[in-house]
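Protein sequence lines, in the order shown, are assigned to chains A and B. Note that the first sequence covers residues 211 to 324 in my numbering. Note that the second sequence covers residues 2 to 305 in my numbering. Notes follow once the structure below has been shown.
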Amino acid sequence: MGEQTLGEVLRAARTRTGMTLRDVEKRTDIHNAHLSQVETGKITRPEMALLWTLADLYELSYPELLRLSGHANRATQPESQQVGVALRAMDEMDTEQRQQVIDFIEQLRSRRRE
Amino acid sequence: MSRHAPARARTPTPFSKGQVARIAEAALQDAGVAGHFPTPIEEVQRALGVRERLTVADLPDAVAVKKPSRIKSVFGAYLHKERTIFIDTSQTEPQVLFTDAHEAIHAACPWHEEAVRWDGVDELFRRRMEEVEGEANYGAGHLIFQGGRFFREALQDRVCLATPLALASRYGASRAATAHYYVEEHPDPVALLVLGRYLHLGRNVFPIWRCVQSESFTERFGSLADRYASGVPADADSVTGGLLADAHSAIDPPEVSVTLADLNGKDRKCVMHAFFNQYVQLLMLAPQQRVAEGRRLHLASAPR
Numbered sequence: 211m212g213e214q215t216l217g218e219v220l221r222a223a224r225t226r227t228g229m230t231l232r233d234v235e236k237r238t239d240i241h242n243a244h245l246s247q248v249e250t251g252k253i254t255r256p257e258m259a260l261l262w263t264l265a266d267l268y269e270l271s272y273p274e275l276l277r278l279s280g281h282a283n284r285a286t287q288p289e290s291q292q293v294g295v296a297l298r299a300m301d302e303m304d305t306e307q308r309q310q311v312i313d314f315i316e317q318l319r320s321r322r323r324e
Numbered sequence: 002m003s004r005h006a007p008a009r010a011r012t013p014t015p016f017s018k019g020q021v022a023r024i025a026e027a028a029l030q031d032a033g034v035a036g037h038f039p040t041p042i043e044e045v046q047r048a049l050g051v052r053e054r055l056t057v058a059d060l061p062d063a064v065a066v067k068k069p070s071r072i073k074s075v076f077g078a079y080l081h082k083e084r085t086i087f088i089d090t091s092q093t094e095p096q097v098l099f100t101d102a103h104e105a106i107h108a109a110c111p112w113h114e115e116a117v118r119w120d121g122v123d124e125l126f127r128r129r130m131e132e133v134e135g136e137a138n139y140g141a142g143h144l145i146f147q148g149g150r151f152f153r154e155a156l157q158d159r160v161c162l163a164t165p166l167a168l169a170s171r172y173g174a175s176r177a178a179t180a181h182y183y184v185e186e187h188p189d190p191v192a193l194l195v196l197g198r199y200l201h202l203g204r205n206v207f208p209i210w211r212c213v214q215s216e217s218f219t220e221r222f223g224s225l226a227d228r229y230a231s232g233v234p235a236d237a238d239s240v241t242g243g244l245l246a247d248a249h250s251a252i253d254p255p256e257v258s259v260t261l262a263d264l265n266g267k268d269r270k271c272v273m274h275a276f277f278n279q280y281v282q283l284l285m286l287a288p289q290q291r292v293a294e295g296r297r298l299h300l301a302s303a304p305r
């Protein structure tokens, strides 16, 4: 038996809580029809804000929901060394360029403390 | 030299917009700056738990020579774990304000940190960045203009380009950013095309860099950019070309009456306005108005 889909995981979680689609809507502002489309797989890649909201409501792993929805290749681990940096730049950077900029900013922080 | 807006940011979904707007309003309330203009964004950042705000100016001279060349293209950054913002303060004041507000939204939205974790820049990472960048841009607008508070003023005047342009300095924002927010959040049908100032690929049209529309414009007319799929006519004999040429020398945005078919095929009388800020051309379109009184304004409420 294959892995559960995103929709199946969310539906199972909602069912466990005893909430109806409308109950979830009242608590989260996620329209019940929209949530139904996510649970039935008509929408397979909902926005991350929605996934976060449901992860919080149902006590699920948000990184795992990102993976199931195709937003990420694999879920990060809590001790992950991966860097969480939002860069707003004029143009796109490759991996090396991005790392150089992050290293520079980190250096700026440590120099400021000296 | 002005740097243009960063590459790609996706328009947030209605759900995301609602969440971000509520978060932005809560941040303003928590910082005690709701109703203060220009919004003191650094106070909002402090209330959000941002620990440090760095600029290249903080850099000791001895290290300055080792700046990576790519740092020049970085407007700002937010380091989630360190709760640190980096800002390029060589931008104009309105651009610094926007970037500060943009990074504050990254700090405020709890789903952003996980979204920007990476172990290599790949297509999935780029798509996640487009989504959170779009939300941060949207939220920045709410921190700067504060939703209903901006529209209490803006809706006292007629729907036209001159209205947001006149309000820009009060909010500390650029005129283009103010026009963008005005159109995007307006309760009435309004659309804005942001055009390049130079002809496109040798043809007699201006390229559309961005199309912004109010929800009600989209419901009534669909996409305005689709009606100019080949670009906006620039020749002086065309309606748009003549209007844009006038805008280059006018003090106040010139306007012209036009007709636009709605999605039911019915022709609607509209007014088109133009403005040139020396970098981009703005073209705004709205149906001719009757005076509307007794508007209800909705302020985003705090998150649940």
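Just so you know, even glycine gets a beta-carbon here, dropped at the ideal spot from N, CA and C.
Where does residue i sit, in a helix, a strand or coil, going by DSSP?
| i | result |
| --- | --- |
| Ile253 (chain A) | coil |
| Arg11 (chain B) | coil |
| Tyr1 (chain B) | The structure shown does not extend to residue 1 (chain B), since chain B spans only 2 to 305, so no value can be given for it. |
| Gln291 (chain A) | The predicted position of Gln291 (chain A) is uncertain, since its pLDDT is 48 and thus under 50; no value can be drawn from it. |
| Leu261 (chain B) | strand |
| Asp313 (chain A) | helix |
| Gly212 (chain A) | coil |
| Gly36 (chain B) | coil |
| Ala223 (chain A) | helix |
| Met303 (chain A) | coil |
| Gly243 (chain B) | helix |
| Glu83 (chain B) | coil |
| His274 (chain B) | strand |
| Gly77 (chain B) | strand |
| Leu98 (chain B) | helix |
| Glu269 (chain A) | coil |
| Val45 (chain B) | helix |
| Ala109 (chain B) | helix |
| Asp236 (chain B) | coil |
| Thr56 (chain B) | strand |
| Val281 (chain B) | strand |
| Ala251 (chain B) | coil |
| Ala287 (chain B) | strand |
| Arg298 (chain A) | strand |
| Arg207 (chain A) | No information on residue 207 (chain A) is available, as it lies outside the stretch 211 to 324 that chain A covers here. |
| Ile72 (chain B) | helix |
| Ile88 (chain B) | strand |
| Asp268 (chain B) | strand |
| Leu125 (chain B) | helix |
Pick out whichever of the options has its Cα sitting closest to the Cα of residue i.
| i | options | result |
| --- | --- | --- |
| Ala78 (chain B) | A:Arg322, A:Arg321, A:Ser279, A:Glu316 | A:Glu316 |
| Glu104 (chain B) | B:Glu124, B:Leu125, B:Ile145 | B:Ile145 |
| Val281 (chain B) | B:Arg176, B:Ala22, B:Val160 | B:Arg176 |
| Gly19 (chain B) | B:Leu125, B:Val206, B:Glu154, B:Gly148 | B:Gly148 |
| His143 (chain B) | B:Glu132, B:Ala109, B:His274 | B:Ala109 |
| Asp253 (chain B) | B:Cys271, B:Leu166, B:Pro188 | B:Leu166 |
| Ala94 (chain B) | B:Ala235, B:Tyr139, B:Gln214, B:Gly173 | For the sequence presented, residue 94 (chain B) should be read as Glu rather than Ala. For the residues B:Ala235, B:Tyr139, B:Gln214, B:Gly173, the minimum Cα distance to Glu94 (chain B) belongs to B:Gly173. |
| Leu213 (chain A) | A:Glu269, A:Lys252, A:Leu231, A:Glu274 | According to the sequence displayed, residue 213 (chain A) carries Glu and not Leu. Answer by Cα proximity: A:Glu274. |
| Ala137 (chain B) | A:Thr238, A:Glu218, A:Ala259 | A:Ala259 |
| Pro188 (chain B) | B:Ser170, B:Gly197, B:Phe151 | B:Phe151 |
| Met273 (chain B) | B:His107, B:Val240, B:Ala251 | B:Val240 |
| Asp239 (chain A) | B:Leu29, B:Ala32, B:Ala27, B:Ser17 | B:Ser17 |
| Gly140 (chain B) | B:His107, B:Gln290, B:Gln289 | B:His107 |
| Ala246 (chain B) | B:Leu80, B:Arg198, B:Ser258 | B:Arg198 |
| Ala32 (chain B) | B:Ala163, B:Arg47, B:Cys271, B:Ala275 | B:Arg47 |
| Lys229 (chain B) | B:Ala237, B:Ile209, B:Gln279 | Here the sequence assigns Tyr to residue 229 (chain B), which means Lys is not the residue at that position. Here the closest residue by C-alpha is B:Ile209. |
| Arg172 (chain A) | B:Ile42, B:Leu283, B:Leu80 | No answer is possible for residue 172 (chain A): the residues shown for chain A start at 211 and end at 324. |
Residue i and residue j look like a contact to me (Cβ under 8 Å); what is the Cβ gap, rounded to whole Å?
| i | j | result |
| --- | --- | --- |
| His181 (chain B) | Leu193 (chain B) | 7 Å |
| Phe207 (chain B) | Asp263 (chain B) | Not really, about 25 Å apart at Cβ, beyond 8 Å. |
| Arg298 (chain A) | Phe76 (chain B) | 5 Å |
| Val45 (chain B) | Ala296 (chain A) | Their Cβ separation, rounded to whole angstroms, is 17 Å, which puts Val45 (chain B) and Ala296 (chain A) out of contact at 8 Å. |
| Thr90 (chain B) | Thr56 (chain B) | 5 Å |
| Thr85 (chain B) | Glu53 (chain B) | 4 Å |
| Ala223 (chain A) | Tyr272 (chain A) | Rounded, the Cβ-Cβ distance is 12 Å, inconsistent with contact. |
| Leu231 (chain A) | Ser279 (chain A) | About 19 Å; that fails the 8 Å criterion. |
| Gln214 (chain B) | Val184 (chain B) | 7 Å |
Practice problem: Go through the region 139-222 of chain B residue by residue and report every complete run of the alpha helix (DSSP H) that reaches 4 residues or more, in order. | Solution: 149-155, 163-172, 176-186, 216-222
Quiz item: Taking Cβ-Cβ distances below 7 Å as the criterion, which residues of the region 305-316 of chain A are in contact with chain B?
Solution: Thr305, Gln307, Arg308, Gln310, Val311, Phe314, Ile315
Quiz prompt | Against chain A: residues of the region 107-118 of chain B by CB proximity under 7 Å | solution = His107, Pro111, Trp112, His113, Glu114, Glu115, Ala116, Val117, Arg118
Quiz item: Any residues in the region 91-104 of chain B with a beta carbon nearer than 8 Å to a beta carbon of chain A? Which ones, in chain order?
Solution: Result list: Thr100, His103, Glu104.
Self-check item: Residues in the region 9-24 of chain B having any Cβ partner in chain A nearer than 7 Å
Solution: Thr14, Phe16, Ser17, Gly19, Gln20
Quiz item: Which residues, taken in chain order from the region 74-90 of chain B, show a beta carbon closer than 8 Å to some beta carbon of chain A?
Solution: Ser74, Val75, Phe76, Gly77, Ala78, Tyr79, Leu80, His81, Lys82, Glu83, Thr85, Phe87
Quiz item: Listed in chain order, which residues of the region 221-232 of chain A have Cβ atoms closer than 9 Å to some Cβ of chain B?
Solution: none
Practice problem: Check distances from the C-beta atoms of the region 143-169 of chain B to those of chain A and list, in chain order, the residues that come in under 8 Å. | Solution: none
Quiz prompt | Contact residues within the region 238-259 of chain A, judged by C-beta distance below 8 Å to chain B | solution = Thr238, Asp239, Ile240, His241, His244, Glu257, Met258, Ala259
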